[in-house]
Amino acid sequence: MKMEGIIGQVEQLAGKTEWAAVGVALVAVVVGLVLWKCSSGLKRVTPPVPPGSLGWPVLGETLELLSAKRANIADQFYKARVAKYGEVFKTHLFLDPVVSVGGADGNKFLFSNENKLVQNSWPPSMIKILGKDTIINQVGERHRKLRRIFTSNFFNPEGIALYVSRMDAITRDHIAKHWEGKDSILGVPTVREFTYSVAADIFMSLRETDPRYRALSQTMEDVIQGVLQVPINLPGTVYHKGWVGRGNMNAILDTLISERKQELEQGKASSKKDLLTMMLTTPNEDGIMLNDDQMKDNVNNMLFAGHETSSSTMAVALKYLYLNPECLKKVLQEQREIAKDKNGAPLDYSDTRKMKYTWQVVQETLRLQPPVQQAFRTALQNFQYAGYTILKGWKVSWASDRSHLDPKYFPNPEKFDPSRFEGSGPPPYVYIPFGGGPHICLGNEFARTVIMVFLHHIVLNFEWKLVDPDETICIDPLPIFSKSLALQIQKRPQVPNSYGRHLLIDP
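In this note's numbering, the protein residues as written are 18 to 524.
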């Protein structure tokens, strides 16, 4: 690639407001030429390191991958390199040399060897924006102890069950405010507003009447955009905007933590009030409490993971359900059966586990458009894999596209087909929307529950059409719609039952 090409990609990715910073960044690239050979860690070893290209100094192939993601063709980035170099190849992403492994064998190797040959790792931009104390940045015993706090006291079936009625109430309130009485909506911001309201309430008891509710939502947008960027902290860059947003978020969280401590001291809050209260009242297995920085970093992470990823999946599911009316018909039938037994009562945890086919629809949505499409591990030592040497300090990466879109595992992989998940589903280590190993997504059951509650009420109460069925999806850093998923909506016909609620009839 010529230098004009790299400049063009930078301009496209960064936007006009950042162009002043690009000149400085390119100077840094030139200075990095000398450092490149050292940082790449290339040595003569037997067997050799995997074939591939480390791309441009410092930037490597990061801009090319980000461009592919934003065009929603990241699978082509990988397919081109697999075709040229084989299933295992080297590249350079987010300032580090990376070995990409794929398929069930590669996924199994990484997930099974965490804390042995490899260690969980994320790009510097994500760690600096979300915080060094976040659970995704912890490894070994520190990670195990922190994870146990969350899984034992919040992110487990018993813990999630306590909040389903709140999820149900929030969903009904959201529909009344943002769907009822409207004939069109923008799906993406509407669904994001919903998932934010759930996360703000259940994680922090923060509600719309509090001015901090909207302030936190607005600054989160900056944080999310900065999570997966080249970490050049210069004014005008997306990364810098995310860094400033993180500081603003922490200032808001400081006030919430201070208030919650006072409530606990005065006996006005219980440990089951929300996630923040749980963190304030639960020591780890050594009796050590989380400090304020740890709580802020982990709330930041939970908001990102619990709000943004779920809203992305919900929006994409609405598209796939519209484009696949037979699937929508089955979901509607399943939800009607559940509603028939509720007589207007709020959903509970057991109801969400009856939504078998609806969950298959969401699983297929996650196969085609998983919110997190790539993750990294760091090699703890030199080791051999697939006939190559992977060097200590290099990153090793899995990417969901490499198995989710492989016809070897999923025939006709571009087709939306929820039946793939009937019975035992795909083979182990093939379907990885939540990652795997010790760092498998902490909140996957929480996300499942929120999505099921949302789809239950939306499918039962509304019909929708896509204004632009061909609207493109790009990855930035999560799947997003280029035009915000404009929807035409209308109420489904309903008749009141004896409980004064509404049961749905066939349209």
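Note that CB positions come from ideal geometry on N, CA and C, so glycine has one too.
Residues near residue i in its chain [Cβ-Cβ closer than 7 Å; skip 5 each side]
{"i": "Ser327", "result": "Thr212, Ala464, Val467 and Ile468"}
{"i": "Leu50", "result": "The pLDDT assigned to Leu50 is 48, lower than 50, so where the model puts this residue is not dependable; a value taken from the coordinates is nonetheless given after this. For Leu50, where only same-chain residues beyond five positions count, the Cβ hits under 7 Å are Pro74."}
{"i": "Arg277", "result": "Ala286, Leu293, Thr294 and Leu297"}
{"i": "Gly176", "result": "Asn170"}
{"i": "His474", "result": "Thr188, Arg189 and Ile192"}
{"i": "Glu354", "result": "none"}
{"i": "Asn308", "result": "none"}
{"i": "Glu197", "result": "none"}
{"i": "Lys371", "result": "Ile355"}
Proximal residues to residue i (C-beta, below 8 Å), its chain only, five neighbours per side dropped
{"i": "Ala334", "result": "Val378, Val379, Thr382, Ile468 and Leu472"}
{"i": "Val135", "result": "Leu127, Arg394, Thr395, Ala396, Leu397 and Val413"}
{"i": "Arg231", "result": "Glu225"}
{"i": "Ser515", "result": "Only weak support exists for where Ser515 lies, its pLDDT of 30 falling under 50; the coordinates are left without a value."}
{"i": "Pro206", "result": "Ser501"}
{"i": "Cys55", "result": "Only weak support is given to the placement of Cys55: the predicted model assigns it a pLDDT of 44, under 50, and the value that follows is read from those uncertain coordinates. Around Cys55: no qualifying Cβ."}
{"i": "Pro174", "result": "Tyr366 and Glu462"}
{"i": "His195", "result": "Ile202, Thr207, Glu210 and Phe211"}
Nearest-angstrom beta carbon gap, residue j and residue i [assumed within contact, 8 Å]
{"i": "Gly243", "j": "Gly259", "result": "2 Å"}
{"i": "Phe171", "j": "Leu82", "result": "Not a contact, Cβ separation roughly 34 Å."}
{"i": "Met266", "j": "Asn317", "result": "6 Å"}
{"i": "Arg419", "j": "Gly119", "result": "3 Å"}
{"i": "Arg183", "j": "Ile219", "result": "6 Å"}
{"i": "Asp150", "j": "Asp365", "result": "Not a contact, Cβ separation roughly 34 Å."}
{"i": "Ala332", "j": "Gly204", "result": "5 Å"}
{"i": "Pro525", "j": "Pro450", "result": "With the chain covering only 18 through 524, there is no way to say anything about residue 525."}
{"i": "Ile457", "j": "Asn89", "result": "In fact, because the Cβ distance is near 25 Å, the residues do not count as touching under 8 Å."}
Residue i and residue j closer than 9 Å at C-beta
{"i": "Gln15", "j": "Asp200", "result": "No answer is possible for residue 15: the residues shown for the chain start at 18 and end at 524."}
{"i": "Phe433", "j": "Leu504", "result": "no"}
{"i": "Glu343", "j": "Tyr374", "result": "no"}
{"i": "Thr406", "j": "Pro114", "result": "no"}
{"i": "Lys359", "j": "Leu179", "result": "no"}
{"i": "Ala392", "j": "Asn137", "result": "yes"}
{"i": "Trp411", "j": "Lys107", "result": "yes"}
{"i": "Pro300", "j": "Leu112", "result": "no"}
{"i": "Leu223", "j": "Leu273", "result": "yes"}
Close beta carbons around residue i, own chain, < 6 Å, minus the five adjacent residues each side
{"i": "Lys409", "result": "Ala396, Gln398 and Asn399"}
{"i": "Leu233", "result": "Ile269"}
{"i": "Gly262", "result": "Thr236, Asp239 and Val240"}
{"i": "Asp487", "result": "none"}
{"i": "Tyr102", "result": "Pro68 and Gly69"}
{"i": "Gly323", "result": "Ala216 and Gly460"}
{"i": "Ala91", "result": "Ala85 and Asp418"}
{"i": "Tyr337", "result": "Thr382 and Phe433"}
{"i": "Asp368", "result": "Ile355"}
{"i": "Val208", "result": "Ser328, Met331 and Ala332"}
{"i": "Leu349", "result": "Val476"}
{"i": "Pro228", "result": "none"}
{"i": "Lys125", "result": "Tyr446"}
Given residue i as reference, the closest of the options once Cα atoms are compared
{"i": "Ser329", "options": "Ile492, Asp365, Ser234 and Glu462", "result": "Ile492"}
{"i": "Phe167", "options": "Met296, Tyr102 and Arg229", "result": "Met296"}
{"i": "Val181", "options": "Asn478, Ile490, His474 and Val470", "result": "Val470"}
{"i": "Leu495", "options": "Asn154, Val156, Leu385 and Asn130", "result": "Leu385"}
{"i": "Lys482", "options": "Asn461, Glu462 and Arg509", "result": "Arg509"}
{"i": "Pro140", "options": "His109, Gly157 and Asp122", "result": "His109"}
{"i": "Arg165", "options": "Tyr446, Asp303 and His474", "result": "Asp303"}
{"i": "Phe479", "options": "Phe498, Arg437 and Ala193", "result": "Ala193"}
{"i": "Trp556", "options": "Gly440, Val447, Asn173 and Pro428", "result": "For residue 556 there is no data in the structure shown, the boundaries of the chain being 18 and 524."}
{"i": "Val484", "options": "Thr369, Val476 and Phe498", "result": "Phe498"}
{"i": "Gly157", "options": "Lys133, Gly148, Met143 and Pro174", "result": "Lys133"}
{"i": "Ser117", "options": "Ala186, Ile202 and Val66", "result": "Val66"}
{"i": "Arg159", "options": "Ile475, Ala362, Glu462 and Pro455", "result": "Pro455"}
{"i": "Ala121", "options": "Gln279, Glu104, Ser367 and Asn137", "result": "Glu104"}
{"i": "Lys347", "options": "Leu422, Arg437, Ile146 and Val476", "result": "Val476"}
{"i": "Lys425", "options": "Phe438, Pro443 and Ser436", "result": "Pro443"}
{"i": "Tyr402", "options": "Asn130, Ala97 and Glu210", "result": "Asn130"}
{"i": "Val389", "options": "Gln279, Gly453, Phe438 and His195", "result": "Gly453"}
{"i": "Asp423", "options": "Lys96, Val62, Arg87 and Gly72", "result": "Lys96"}
{"i": "Gly264", "options": "Asp227, Lys145, Val62 and Arg61", "result": "Lys145"}
Beta bridge counterpart(s) of residue i as assigned by DSSP
{"i": "Ile492", "result": "Pro496"}
{"i": "Pro114", "result": "His109"}
{"i": "Tyr402", "result": "Tyr405"}
{"i": "Ala416", "result": "Gln391"}
{"i": "Phe479", "result": "Lys508"}
{"i": "Ser129", "result": "Ser129 is not bridged to any residue."}
Any non-hydrogen atom of the ligand NAD within 8 Å of residue i CB
{"i": "Gly440", "result": "With respect to small molecules bound, the structure shown includes none, and the ligand NAD cannot be examined in it."}
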